[in-house]
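Worksheet: one structure, shown below.
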Amino acid sequence: MECRRKQAWQSSQQVPLPFGTGGHETNKEDNALSDWIRNGKISRKPFIDIGSGINPYLFTIYTSFQERATFISHGNTARLAMKYRDEKLALICGTIATDEKRHEIAYTEIVGKLFELDPSDTVIAFAEMMRKKIVMPAHLMYDGQDERPFDHFTSVASRLGVYTTKDYMGGYTHLVAKWNVEKLTGLSSEGREAQDYVCELVKKMKRLEERGMAKADVAPSIPFSWLCGREV
């Protein structure tokens with residue numbers, strides 16, 4: 001346990017986020033996990049780039065999805081921690097999950113207002129974000145050994161039920177329904193094209209979900225440097 005904690009991620013940089021309170025809470029969450037895992041080899045500096053550039057439409061759409069994903073993954077991690085009797089980790093992750101849910105609601109409401117005021121540009125941004133694919137900032141993680149640590153991490157996370165392909169697809173379909181994308185009217189020609197793409201993607205994702213779950217079930221055990229080379 002001690003070796004695992006010493007070689008895990010550290011929050012070496014506090015990443016400034018907009019909207020004040022959300023950024024402050026995110027930094028508190030980083031500090032809580034940092035205190036639990038102590039220090040490590042993986043820097044968070046490269047994680048800042050989420051692929052949205054400085055476009056506020058892309059940023060808020062991405063963050064709506066990302067906050068829901070972290071709410072789910074921290075909640076599931078809390079349940080696993082309780083299962084294995086690590087009550088402190090369960091409390092930390094459960095508290096973070098609660099914060100993430102509040103963040104999700106806030107960003108989702110912001111995007112909902114964007115759809116009301118500027119439906120064409122907002123649905124175009126939604127389609128663009130999905131074409132890029134919603135990938136968590138940690139996809140840039142590197143431990144100095146494994147060339148594909150994030151791929152291996154997500155494979156194990158899916159197999160353990162921390163965050164699965166089904167969760168990813170569910171997050172997307174939830175947002176499409178929440179923002180009533182299918183019922184948008186008064187769109188530009190480019191907006192209608194983006195609307196069609198977003199709605200058709202729901203059907204495609206259902207097929208991808210089945211493949212993703214099957215792939216996760218047969219994934220081999222993988223060693224991780226922050227677990228002292230232990231296979232999971």
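Going by UniProt numbering, the first residue of the sequence shown is number 1, and it counts up by one from there.
All C-beta atoms, glycine included, are put in the ideal place defined by N, C-alpha and C.
query: Under a Cβ-count criterion, where at least 16 other Cβ atoms within 10 Å of its own Cβ denotes burial, should residue 171 be classed as buried or exposed?
result: By 1-based counting over the sequence shown, the position of residue 171 is 171. Buried, by the Cβ-count rule.
Contact defined as beta carbons within less than 8 Å: I believe residue 67 pairs with residue 100. What is the distance between those atoms, to the nearest angstrom? The residue you call residue 67 lines up with position 67 of the sequence shown. The residue you call residue 100 lines up with position 100 of the sequence shown. About 5 Å separates the two Cβ atoms, so the contact holds.
With H, G and I counted as helix, E and B as strand and the rest as coil, what does DSSP make of residue 223? As a working note, residue 223 is residue 223 in the sequence shown. Strand.
> Do residue 104 and residue 71 have their C-beta atoms within less than 7 Å of each other?
Replying inline: Working through the sequence shown from its first residue, we reach residue 104 at position 104. Working through the sequence shown from its first residue, we reach residue 71 at position 71. If you check the CB distance, residue 104 and residue 71 come in under 7 Å.
For residue 231, the three-state DSSP class (helix, strand or coil): Start at 1 with the first residue of the sequence shown, and residue 231 comes out as number 231. Strand, per DSSP.
Discussion item. Taking the straight line between their C-alpha atoms, what separation do you get for residue 162 and residue 148?
Written reply: Numbered from its first residue, the sequence shown carries residue 162 at position 162. Numbered from its first residue, the sequence shown carries residue 148 at position 148. The straight-line gap from Cα to Cα measures roughly 19 Å.
For residue 145, count neighbouring Cβ atoms within 10 angstroms of its own Cβ and tell me buried if that reaches 16, exposed if not. The count along the sequence shown starts at 1 and reaches residue 145 at position 145. Residue 145 counts as exposed, since fewer than 16 other C-beta atoms from the protein chains shown sit within 10 angstroms of its C-beta.
Q.
By the three-class DSSP mapping on this structure, what secondary structure does residue 66 have?
A. Reading the sequence shown from its first residue, position 66 is the one you call residue 66. Taken through DSSP and simplified to helix, strand or coil, residue 66 comes out as helix.
- Item | Limits of the alpha helix (DSSP H) - the one that residue 107 falls within | Locating residue 107 in the sequence shown gives position 107, counting from the first residue. Note, residue 107: alpha helix (DSSP H), 87-117.
Subject >> Selected residue, minimal CA-CA separation from residue 95, among 141, 122, 76, 107 >> reply: Looking up residue 95 in the sequence shown gives position 95. Comparing Cα-Cα distances from residue 95 to each of 141, 122, 76, 107, the minimum goes to 76.
inquiry  = By the three-class DSSP mapping on this structure, what secondary structure does residue 159 have?
reply    = Along the sequence shown, read from residue 1 onward, the residue named residue 159 stands at position 159. In the structure shown, residue 159 sits in a helix (DSSP, three-state: H, G or I).
>> If you follow the alpha helix (DSSP H) that residue 139 is in, where does it begin and where does it stop?
In response: As a first step, residue 139 is located in the sequence shown; it is residue number 139 there, counting from the start. Looking at the DSSP string, residue 139 is not in any alpha helix (DSSP H), and its letter there is neither H nor E.
* State the DSSP-derived secondary structure class of residue 186, mapped to helix, strand or coil. => Translated into positions along the sequence shown, residue 186 becomes position 186. DSSP places residue 186 in the coil class of the three-state scheme, outside both helix and strand.
**Prompt:** Residue range of the alpha helix (DSSP H) that residue 176 falls in?
**Reply:** On the sequence shown, position 176 is the one that residue 176 refers to. Looking at the DSSP string, the run of the alpha helix (DSSP H) that includes residue 176 is 165-178.
Close Cβ partners of residue 202 (< 8 Å) along its chain, the five nearest in sequence each way excluded: What you label residue 202 is simply residue 202 of the sequence shown in a count that begins at 1. Taken in chain order, the residues that qualify are 172, 173, 176.
Exercise. With a threshold of 16 other CB atoms inside 10 Å of the CB of residue 191, please say whether the residue is buried or exposed.
Key: Locating residue 191 in the sequence shown gives position 191, where the first residue counts as 1. Residue 191 is buried by the Cβ-count criterion.
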